[in-house]
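Residue numbers (the working numbering): 60 to 339.
First comes the structure, then the notes that go with it.
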Amino acid sequence: MTQRGNKMMKIVKALLFVVLIMSMSSNVLAGYSFEPDGDNPTTNGKSLWTPDSSILEMEGELYGSTVTFTVKPTKNPFTSSGIMYLKVGCYKSYGFNRDWKRVNKGDPSVEFSLDLDDYTKDNYIPEKFFARYETDEGGWAWVGPLKVYYYKWKEGNWSNCNSECQQTREVSCKCVSSDGKCDFGFYDECTNVGSKLFQYPPDSYCSGSKPGTKQSCNGGSCTYSWEYGDWTTCDSNCEKTRDARCERSDGQTASDRDCSGSKDDTQRDCTGGDCTYSWE
């Protein structure tokens with residue numbers, strides 16, 4: 060084997076510590092956020108780069124529901140061609156390929172973009188995102204993971220109908236993620252988002268309009284009563300009238316059958332006013 064060949068073999072056997080760097084937009088526009096999973100999310104790999112020349116970093120940028128992952132060497136362009144895989148799963152060994160890109164020698168970086176709504180529309184979210192780089196010469200390295208958080212409105216149960224014929228409920232923005240059982244089908248409450256510990260983040264983290272917290276209702280403690288208007292002046296027929304309606308305790312007009320008891324008179328004979336008189 061030539062001296063150049065021996066040197067190449069030594070480089071191929073070098074360990075590369077792959078560092079994950081996460082960059083997240085300050086505003087959560089579509090109900091998502093993500094962060095590195097663990098305090099020091101590094102992995103080992105066998106690659107054509109030596110630790111003293113360049114390492115890989117992975118950045119994630121969130122725009123609305125679209126996340127863009129960028130994988131690039133820290134110092135030099137890619138020194139070897141290969142394939143970069145974007146993988147989704149709870150663990151590297153169980154993840155599946157979400158996308159892949161061909162990397163050519165001299166490329167400064169490789170990007171992947173995906174819409175997180177494609178996942179959550181089916182009521183599940185991915186646990187973690189990874190990237191795996193495989194060079195044409197047989198080198199490889201893992202990059203990741205990024206853990207995804209999803210924010211959704213949590214709607215409580217409606218209260219009983221109160222005396223004002225209103226029902227109320229609690230609605231809050233809830234942080235959810237996979238429950239850690241390596242399954243995409245379950246949600247659990249987040250306990251740690253970034254450096255802040257909270258179970259329910261501000262409403263601004265959730266997308267869409269906040270569901271209503273109050274609605275009108277029938278039954279329960281609602282009460283009904285007859286309400287009457289003022290009498291009119293005496294008309295030419297020597298009659299005066301007034302309006303009557305069945306009113307619910309929240310001020311809404313109800314059906315007459317909801318009010319108990321007989322309705323008082325709404326028409327009476329009268330004298331004066333526009334009454335006319337003549338000998339008959």
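For glycine and all other residues, C-beta sits at the position ideal for the given N, C-alpha and C.
Residue 156 lies in the beta strand (DSSP E); which residues open and close that run?
-> 155-162
Going along the chain, which residues of its own chain have a beta-carbon closer than 7 Å to the beta-carbon of residue 280, five neighbours each way excluded?
-> 220, 221, 222
Between residue 296 and residue 335, what straight-line distance do the alpha-carbon atoms span, to the nearest angstrom?
-> 8 Å
Just to confirm, are residue 125 and residue 175 a CB contact at a threshold of 9 Å?
-> yes
Distance, residue 197 Cα to residue 264 Cα = 43 Å
Which value, in whole angstroms, describes the spacing of the CA atoms of residue 211 and residue 136?
-> 40 Å
Is residue 139 buried or exposed, if buried means 16 or more other CB atoms sit within 10 Å of its CB?
-> buried
Where residue 263 sits in the DSSP three-state scheme | helix
Contacts around residue 290, its chain only, beta-carbon distance under 8 Å, and the 5 residues preceding and following it disregarded = 299, 300, 301, 327
Could you work out which residue in 268, 272, 262 is closest to residue 19 when comparing CA atoms only?
-> Nothing can be reported for residue 19, as the shown portion of the chain is limited to 60 through 339.
Backbone secondary structure at residue 346 - three-state DSSP = Residue coverage of the chain in this structure runs from 60 to 339, which leaves residue 346 outside it and unanswerable.
Distance, Cα to Cα, residue 314 vs residue 320?
-> 13 Å
Return yes when the Cβ of residue 200 is within less than 9 Å of the Cβ of residue 171, no when it is not.
-> no
Bridge partner(s) assigned by DSSP for residue 299 = 327
Indicate the three-state DSSP secondary structure (helix, strand or coil) for residue 111 in the structure shown.
-> Because the pLDDT at residue 111 is just 45, under 50, the model does not fix this residue reliably, and the point stays unresolved.
Whole-angstrom C-beta distance between residue 323 and residue 287, which should lie under 8 Å | 7 Å
Have a look at 267, 231, 187, 141 and flag the residue whose alpha-carbon is nearest the alpha-carbon of residue 261.
-> 231
Given residue 193, which residues of its chain have a CB within under 7 Å of its CB, disregarding the five upstream and five downstream residues?
-> 141, 142, 199
Nearest-angstrom Cα distance between residue 122 and residue 309?
-> 45 Å
Enumerate in chain order the residues of its own chain whose CB-to-CB distance from residue 283 is below 8 Å, with the five nearest sequence positions on each side excluded.
-> 305, 306, 307, 308, 313, 317, 318, 319
Can you tell me the Cα-Cα spacing of residue 85 and residue 233, whole angstroms?
-> Residue placement at residue 85 cannot be trusted, given a pLDDT of 29 that sits under 50; what the coordinates show is reported in the next sentence. C-alpha separation (whole angstroms): 18 Å.
Straight-line Cα distance separating residue 130 from residue 195 | 17 Å
C-alpha gap between residue 120 and residue 127, whole angstroms = 5 Å
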